[in-house]
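If you count by UniProt numbering, then the sequence shown holds residues 1 to 343, one letter each, in order.
Contents: one structure, followed by commentary.
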Amino acid sequence: MAGHPDIMGEMYSEFLKYALGDGKEIGIVLTPPYVTKMMAEILNVNKDSRTMDLATGSAGFLISSMEIMIDDANKTFGKDTSKANKKIEEIKKEQLLGVELNAEMFTLAATNMILRGDGSSNIRKGNTFRTPEELYTNFKANRLLLNPPFSFEENGMPFIRFGLSKMEKGGLAAIIIQDSAGSGRAVESNKEILKNNTLLASIKMPVDLFIPMAGVQTSIYVFEAGIPHDYDKTVKFIDFRNDGYKRTKRGLNEVDSPTERYQDIIKLYKAGKSAKVSEKLWDMDEIYIEDFITDAGNDWNFEQHKKVDTKPKIEDFKKTVADYLAWEVANILKSEGKSSKKA
Numbered sequence: 001m002a003g004h005p006d007i008m009g010e011m012y013s014e015f016l017k018y019a020l021g022d023g024k025e026i027g028i029v030l031t032p033p034y035v036t037k038m039m040a041e042i043l044n045v046n047k048d049s050r051t052m053d054l055a056t057g058s059a060g061f062l063i064s065s066m067e068i069m070i071d072d073a074n075k076t077f078g079k080d081t082s083k084a085n086k087k088i089e090e091i092k093k094e095q096l097l098g099v100e101l102n103a104e105m106f107t108l109a110a111t112n113m114i115l116r117g118d119g120s121s122n123i124r125k126g127n128t129f130r131t132p133e134e135l136y137t138n139f140k141a142n143r144l145l146l147n148p149p150f151s152f153e154e155n156g157m158p159f160i161r162f163g164l165s166k167m168e169k170g171g172l173a174a175i176i177i178q179d180s181a182g183s184g185r186a187v188e189s190n191k192e193i194l195k196n197n198t199l200l201a202s203i204k205m206p207v208d209l210f211i212p213m214a215g216v217q218t219s220i221y222v223f224e225a226g227i228p229h230d231y232d233k234t235v236k237f238i239d240f241r242n243d244g245y246k247r248t249k250r251g252l253n254e255v256d257s258p259t260e261r262y263q264d265i266i267k268l269y270k271a272g273k274s275a276k277v278s279e280k281l282w283d284m285d286e287i288y289i290e291d292f293i294t295d296a297g298n299d300w301n302f303e304q305h306k307k308v309d310t311k312p313k314i315e316d317f318k319k320t321v322a323d324y325l326a327w328e329v330a331n332i333l334k335s336e337g338k339s340s341k342k343a
């Protein structure tokens with residue numbers, strides 16, 4: 001097909017907005033591309049990754065992963081070299097796997113991948129949980145990215161539970177989901193997940209991320225597959241509710257360095273408090289916590305680990321005393337004023 005893949009892809013992204021509306025009717029809300037890219041980078045997707053999405057939607061995660069993988073191949077072998085071109089073909093044909101049940105979404109995903117320059121991606125139409133086992137065992141995924149249908153049971157957490165069980169040991173996974181799944185709505189799946197996998201991080205996202213479905217609070221949970229959670233190790237909790245964007249029904253506006261903020265979150269995930277991030281954008285004590293979780297499966301969200309300091313400070317005491325003295329003086333002056341008028 002003629003046309004630059006990036007231009008065609010952007011045109012198709014606009015088409016998807018009109019084709020799907022807000023996704024409420026089919027329980028599907030598409031992840032913004034700047035989020036799919038961030039999640040892929042958090043997982044350190046590279047030319048050797050084998051990336052899987054079991055709720056493919058319009059293939060946003062696979063596209064972001066493919067672009068990163070191709071870029072890494074070009075950097076490693078040199079752009080347009082025979083080695084790079086061979087690796088890129090391998091990436092497109094063998095290193096991406098998507099499964100999508102909804103017929104409309106499956107068609108959109110396949111078309112999206114073709115327009116992005118990949119006509120042979122391994123996207124399957126079918127039920128994720130009933131797909132033949134050999135599809136997963138033969139693929140040997142070491143990266144998993146997901147935004148499950150929000151209308152699914154336990155907010156969609158069974159998708160990540162199932163996906164983690166089909167991954168290579170030590171593989172990395174990230175899911176963006178309504179974060180009530182991490183605070184009580186999905187304890188059955190969460191307990192099972194922790195028996196065989198490690199929760200590495202929890203990133204709280206903007207409440208209006210999926211506008212026009214404003215008010216749906218989501219978090220990104222990051223896992224390491226095949227290694228039971230060690231409750232003596234801390235989990236990284238990051239508050240990313242201020243991502244620098246202002247969202248309206250008319251579109252997306254940059255108001256506070258969103259590009260830099262998204263890059264900083266990746267650095268913060270990888271290096272913790274020692275990360276080299278912009279000091280003017282972040283109050284680290286307010287947005288980053290390392291804390292333990294329990295095996296209850298209901299304490300995965302940032303605010304559950306944010307400690308509120310209720311101990312009064314000397315400054316608070318001084319202010320209270322000053323306010324009281326000011327009030328007393330005002331009353332005395334008022335009384336003296338009334339007395340002088342009577343005289």
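C-beta: ideal position from N, C-alpha, C; glycine also.
{"Asked": "Under DSSP, the alpha helix (DSSP H) around Asn-74 begins and ends at which residues?", "Found": "60-77"}
{"Asked": "If you run the structure through DSSP and keep just helix, strand and coil, what is Lys-233?", "Found": "coil"}
{"Asked": "Pull up the distance between the alpha-carbon of Glu-224 and that of Leu-194, whole angstroms please.", "Found": "10 Å"}
{"Asked": "Have a look at the DSSP bridge pairing and note the partners of Asn-253.", "Found": "Lys-246"}
{"Asked": "So Ser-151 is in the beta strand (DSSP E); what residue range does that whole segment cover?", "Found": "That residue, Ser-151, is in no beta strand (DSSP E); it is neither H nor E in DSSP."}
{"Asked": "Three-state secondary structure (DSSP) at Gln-95?", "Found": "coil"}
{"Asked": "Would the beta-carbon of Asp-243 fall within 8 Å of that of Pro-258?", "Found": "yes"}
{"Asked": "Keeping to the same chain, check which residues put their C-beta closer than 7 Å to that of Ala-73; ignore five residues upstream and five downstream.", "Found": "Lys-47, Ala-84, Lys-87, Ile-88, Ile-91"}
{"Asked": "Please check the pair Val-207 and Ala-296, which I expect to be a contact at CB under 8 Å, by giving their CB distance rounded to whole angstroms.", "Found": "At roughly 25 Å, the Cβ-Cβ gap does not stay under 8 Å, so Val-207 and Ala-296 are not in contact."}
{"Asked": "If we count the other Cβ atoms within 10 Å of its Cβ and call it buried at 16 or more, is Asn-331 buried or exposed?", "Found": "exposed"}
{"Asked": "For Leu-164, decide whether its Cβ has a neighbour in chain C, counting only Cβ atoms nearer than 8 Å.", "Found": "No chain C is present in this structure, which holds just one protein chain."}
{"Asked": "Does the Cβ-Cβ distance between Leu-200 and Lys-236 come in under 8 Å?", "Found": "yes"}
{"Asked": "Along the chain, where does the beta strand (DSSP E) that runs through Lys-125 open and close?", "Found": "122-125"}
{"Asked": "Could you pull the start and end residues of the beta strand (DSSP E) that Ile-203 belongs to?", "Found": "198-204"}
{"Asked": "Among the candidates Ser-58, Glu-168, Ser-274, Ser-151, whose CA atom is the shortest distance from the CA of Arg-116?", "Found": "Ser-58"}
{"Asked": "Alpha carbon to alpha carbon, how far is Thr-320 from Glu-328?", "Found": "12 Å"}
{"Asked": "Assuming Ala-174 and Leu-43 are in contact, meaning their beta carbons sit under 8 Å apart, how far apart are those beta carbons, in whole angstroms?", "Found": "6 Å"}
{"Asked": "Using the Cβ count rule (16 or more neighbours within 10 Å means buried), how would you classify residue 378?", "Found": "Only positions 1 to 343 of the chain appear in this structure, which leaves residue 378 out of reach."}
{"Asked": "If distances are taken between C-alpha atoms only, which option among Tyr-269, Phe-152, Phe-240 comes closest to Glu-286?", "Found": "Phe-240"}
{"Asked": "Compute the minimum distance between the beta carbon of Leu-325 and the heavy atoms of the ligand FMN, and state whether it is under 7 Å.", "Found": "Absence of the ligand FMN from the depicted structure is noted, as is the absence of any ligand whatsoever, leaving it without description."}
{"Asked": "Give me the residue from Met-284, Ile-176, Ala-322 with the minimum Cα distance to Lys-306.", "Found": "Met-284"}
{"Asked": "Assign Asn-142 to one of three DSSP states: helix, strand, or coil.", "Found": "strand"}
{"Asked": "For Leu-62, tell me which candidate among Ile-70, Asp-71, Thr-51 has the shortest Cα-Cα distance.", "Found": "Thr-51"}
{"Asked": "Is the beta carbon of Met-205 less than 8 Å from the beta carbon of Ile-160?", "Found": "no"}
{"Asked": "Check each candidate in Phe-139, Ala-181, Asn-190, Asp-230 and name the one with the smallest Cα separation from Gly-166.", "Found": "According to the sequence shown, residue 166 is Lys rather than Gly. If we check each option's Cα against that of Lys-166, Phe-139 comes out closest."}
{"Asked": "Rounded to whole angstroms, how far is the Cβ of Leu-135 from the Cβ of Arg-124, which I believe are closer than 8 Å?", "Found": "7 Å"}
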